[in-house]
Amino acid sequence: MKKALLVYTTFPDADIALSVGESLVRDRLIACINVVPGMRSVYAWKGAVERGEEAVAILKTRTDLQDEVQAALKSRHPYETPIILFITPSEADAETLAWIVAETGGTA
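Below, the structure is given as structure tokens:
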């Protein structure tokens, strides 16, 4: 049985996030990307504390595509070291899971 997987990442802006997300949807690696612009961040980077604005992105895919999604996201991401967090929901609505599976080329 296929399981849902959420991928959390950030981008420099919403347009880049949407562009990368659309390419992953077209490649059937993810079913959807949700982009929330305007996040303000404070983070440590190479020994300094930085501030910036980013866009949060949440991608919906399947656990068995994790390695492929990670590789594709890293190759298309503009950050030197993108944040990529995999979140496995404990459960998913059956219709939601069926949609994710169908849109990523899988079978239930």
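Each residue of the sequence shown is one higher than the one before, counting from 189 in the numbering used here. Just so you know, even glycine gets a beta-carbon here, dropped at the ideal spot from N, CA and C. Since this is a predicted model, take the numbers as computed values, not measurements.
Item                                                                                                                                                              : Value
Just to confirm before moving on: does the CB-CB distance between residue 249 and residue 237 stay below 8 Å?                                                     : no
Restricting to Cα atoms, I'd like to know which of 201, 230, 254 is closest to residue 299.                                                                       : The requested residue 299 does not occur in the structure, where the chain is confined to residues 189 to 296.
Looking at the secondary structure, which residues open and close the beta strand (DSSP E) in which residue 234 lies?                                             : Run containing residue 234: none; DSSP gives neither H nor E here.
Could you work out which residue in 284, 274, 202 is closest to residue 223 when comparing CA atoms only?                                                         : 202
So which of 209, 218, 205, 199 has the shortest CA-CA distance to residue 288?                                                                                    : 218
Quick check: the Cα distance between residue 291 and residue 233, rounded to an integer number of angstroms?                                                      : 36 Å
Suppose the cutoff is 7 Å on Cβ atoms and the five residues either side in sequence are ignored; what does the same chain contact list for residue 214 look like? : none
Can you tell me which of 267, 283, 281, 279 puts its alpha carbon nearest to the alpha carbon of residue 199?                                                     : 267
Less than 8 Å between the C-beta atoms of residue 194 and residue 246, yes or no?                                                                                 : yes
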